[in-house]
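**Q** Let me begin by handing over the structure; questions about it come next.
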Amino acid sequence: MDKLVVIGGGAAGMSASSRARKLKPDMEITVFEATKMVSHAPCGIPYFVEGLFNDENLFMTYTPQFFEEKRKINVKINTKVTEVDLDSRIVYAESKDGKIKAEYDYLVISTGSLPKKLSVEDGNDRIFYAHHPANAVELREKLWSLNNIAIIGGGILGVEMAEALTHLGKKVILIHRGKYLLNRTLDQELGNIITQRIMKDAEVRLDERVETIKNGGRLIITDRGKYEVDGTIVAVGVTPNVELVKDKIKLGETGAIKVDEHMRTNYREVYSAGDNTESIHIVTGKPYWVPFAPVANKMGYVAGSNIGGHEMKFPGVVNTQITKYKEFYIGRVGLQEDEAKRYGFKPIAATISGKTRARYYPDAKDIHIKIIADENSKKILGGQIVGGEEVLGRIDMLAAAIMKGFIIEDTFFIEMGYLPAISRVWDPVIVAIRQLMKDE
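In the UniProt record's numbering, the protein residues as written are 1 to 440.
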């Protein structure tokens, strides 16, 4: 009987083990998870902090008991893997009950990511990282007790935490190294819209670099000044969690674990999936790293399929992202304009502003769209949307077009649905595409 060991019970790990179980009903499957949660959703942390839900179990799509009883997967929570012997095919782990030794025929490494840290002096009792839902209750209790809170980093997590805390009436100062917020998600035309909106609720400090944090998170020193606060949230990004195997498994250019199309590492029986795993950007053909749950789930599904004997390939990523701030939904896919230049494309772009509904239908929302294409091949390279509604569907449509290599004219002729209550006869995306057609 084949034995599968999975290190990490997040999105990728549980997708891999569930898929393998379906294809091989008799396989012995063990999942080691260092926390009390499996199949968890870190993206829900800002909404938990905001108070939109109170049951921490809702972070889990399914409980450990569900996987054990319904899918016959041996889930060992609160159990940390301490060593992997790849030559002997043995995993060593520890829990409060003692040490565990597990042999495997197949191994899936799905250890996720870790938050990046900043230089800290004099303790860290008021420095917070909104990263893992297992710590969300403690995080919320501490943040709710504070009034004046700093957020370091104006990326997606920083913006989402700013939304949560300003909703709670907290005084927020948001310190960001970029010239505008969400600069790794949006180009400046659309990024300025969100930056100006957040400035209505929080003190936003742009183009400013944090040098150190003192007094346990109560004093922030930057290259431009000092800020006294009650506590500090650090949201400067994440890094692949490869500490366990970095000297044993081959890593890629991005620092994440390198895999082939089947999610195999340089060891044929060892697979990797999730936020610790490198992929290929479909637009550029170059190594790329996307730490997002939908990608992790599909990576795990592919790994589990191949372990279960059903060949499947992971095609790569186009970096589809979506977030929100108050009344605005914010989406992007593909390459930003500067990214396109760095990868050797000759980008052309069109940016338009419009409405989400027919002009006679009440309560239409503003929507702003930027489409980027390659002047030479005419292929769509990227898209960005900021709007009051119907952003997700439009971004998903562009993601499909980019994944399949659509050119400008292909995208123009996509037969989009029309209903006055949620769209216009000339959809705003098609209006932006039409602007690019003028260059042809």
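Heads up, the beta-carbon is just placed ideally off N, CA and C, and yes, glycines get one too.
Do you know whose CA, among R264, E337, D2, V31, lies nearest D187's CA?
**A** On the sequence shown, position 187 is the one that residue 187 refers to. Ranking the options by Cα distance to D187, first place goes to E337.
**Q** Per DSSP, A102 forms a beta bridge with which residues?
**A** Taking the first residue of the sequence shown as 1, we reach residue 102 at position 102. A102 pairs with V91.
**Q** For D207, which residues from the same chain have a beta carbon less than 6 Å from its beta carbon, with the 5 sequence-adjacent residues on both sides left out?
**A** Reading the sequence shown from its first residue, position 207 is the one you call residue 207. These residues qualify, in order along the chain: K179.
**Q** To which residues of the same chain is I433 closer than 7 Å at the C-beta, ignoring the five residues directly before and after it?
**A** The residue given as residue 433 occupies position 433 in the sequence shown. Result list for I433: I371, I408, T411, F412, in chain order.
**Q** Work out the CA separation of G308 and R21 for me, nearest whole Å.
**A** Locating residue 21 in the sequence shown gives position 21, where the first residue counts as 1. Locating residue 308 in the sequence shown gives position 308, where the first residue counts as 1. Roughly 8 Å separates the two Cα atoms.
**Q** Measure the C-alpha to C-alpha separation of K246 and F66 and round it to an integer number of angstroms.
**A** Translated into the one-based positions of the sequence shown, residue 246 becomes position 246. Translated into the one-based positions of the sequence shown, residue 66 becomes position 66. Computed Cα separation, rounded: 32 Å.
**Q** Per DSSP, what are the beta-bridge partners of P347 in this structure?
**A** For the purposes of this step, residue 347 is identified with residue 347 of the sequence shown, where counting begins at 1. D374, per the DSSP bridge assignment.
**Q** Would P420 and I367 be called neighbours here (beta carbons separated by less than 7 Å)?
**A** Start at 1 with the first residue of the sequence shown, and residue 420 comes out as number 420. Start at 1 with the first residue of the sequence shown, and residue 367 comes out as number 367. Not closer than 7 Å, so no.
**Q** Alpha carbon to alpha carbon, how far is E141 from I220? Give it in angstroms, no decimals.
**A** Mapped onto the sequence shown, residue 220 falls at position 220. Mapped onto the sequence shown, residue 141 falls at position 141. Straight-line Cα distance between these residues: approximately 22 Å.
**Q** Residues in the same chain with beta-carbon distance under 6 Å from G9, minus the five sequence neighbours each way, listed in chain order, please.
**A** Locating residue 9 in the sequence shown gives position 9, counting from the first residue. If we look at G9 and ignore the five residues flanking it on each side, its Cβ neighbours are V31, E33, V38.
**Q** Among the candidates I77, I330, G354, whose CA atom is the shortest distance from the CA of D396?
**A** For the purposes of this step, residue 396 is identified with residue 396 of the sequence shown, where counting begins at 1. With distances taken between Cα atoms, D396 lies closest to I330.
**Q** From what residue to what residue does the beta strand (DSSP E) around T239 run?
**A** Here residue 239 is taken as the residue at index 239 of the sequence shown, counted from 1. That run of the beta strand (DSSP E) goes 238-240.
**Q** I'd like the list of long-range same chain contacts for R126, defined as Cβ closer than 6 Å, with 5 residues on each side in sequence excluded.
**A** As a position in the sequence shown, residue 126 is number 126, starting the count at 1. Cβ within range, chain order: G216, G217, R218, G231.
**Q** For the putative contact between T356 and I430, defined by C-beta atoms under 8 Å, what is the C-beta separation to the nearest angstrom?
**A** Taking the sequence shown and counting its residues from 1, the one referred to as residue 356 is at position 356. Taking the sequence shown and counting its residues from 1, the one referred to as residue 430 is at position 430. Not really, about 14 Å apart at Cβ, beyond 8 Å.
**Q** Would you call the CB atoms of V333 and L398 closer than 7 Å?
**A** In the sequence shown, residue 333 corresponds to position 333, counting from 1. In the sequence shown, residue 398 corresponds to position 398, counting from 1. Yes, the Cβ-Cβ distance between V333 and L398 is below 7 Å.
**Q** Alpha carbon to alpha carbon, what distance is there between K70 and A401?
**A** Stepping through the sequence shown from its first residue, residue 401 is reached at position 401. Stepping through the sequence shown from its first residue, residue 70 is reached at position 70. Taking the straight line from one Cα to the other gives about 38 Å.
**Q** Based on the DSSP output, what are the partners of F32 in its beta bridges?
**A** By one-based count along the sequence shown, residue 32 stands at place 32. According to DSSP, F32 bridges with I7, K76.
**Q** Grouping DSSP H, G and I as helix and E and B as strand, with all else coil, what is Y301?
**A** Indexing the sequence shown from 1 puts residue 301 at position 301. Helix at Y301.
**Q** By Cβ distance below 8 Å, which residues in the same chain neighbour residue 447 in space, the five residues on each side in sequence not counted?
**A** Only positions 1 to 440 of the chain appear in the structure, and residue 447 is not among them; the question remains open.
**Q** Could you please give me the residues that DSSP links to Q384 through a beta bridge?
**A** For the purposes of this step, residue 384 is taken as residue 384 along the sequence shown, with counting starting at 1. Beta-bridge pairing links Q384 to R332, K370.
**Q** Excluding sequence positions up to five away, which residues of its chain have a Cβ less than 7 Å from the Cβ of F345?
**A** Here residue 345 corresponds to residue number 345 of the sequence shown, with the count starting at 1. Within the same chain, F345 has close Cβ partners D374, L381.
**Q** Suppose you measure from the CA of V425 to the CA of D26; what does that come to, to the nearest Å?
**A** Numbered from its first residue, the sequence shown carries residue 425 at position 425. Numbered from its first residue, the sequence shown carries residue 26 at position 26. One C-alpha to the other measures close to 54 Å.
**Q** Counting only runs of 3+ residues fully inside the region 266-302, write out the beta strand (DSSP E) ranges in chain order.
**A** Counting only runs of 3 or more, we get 270-272.
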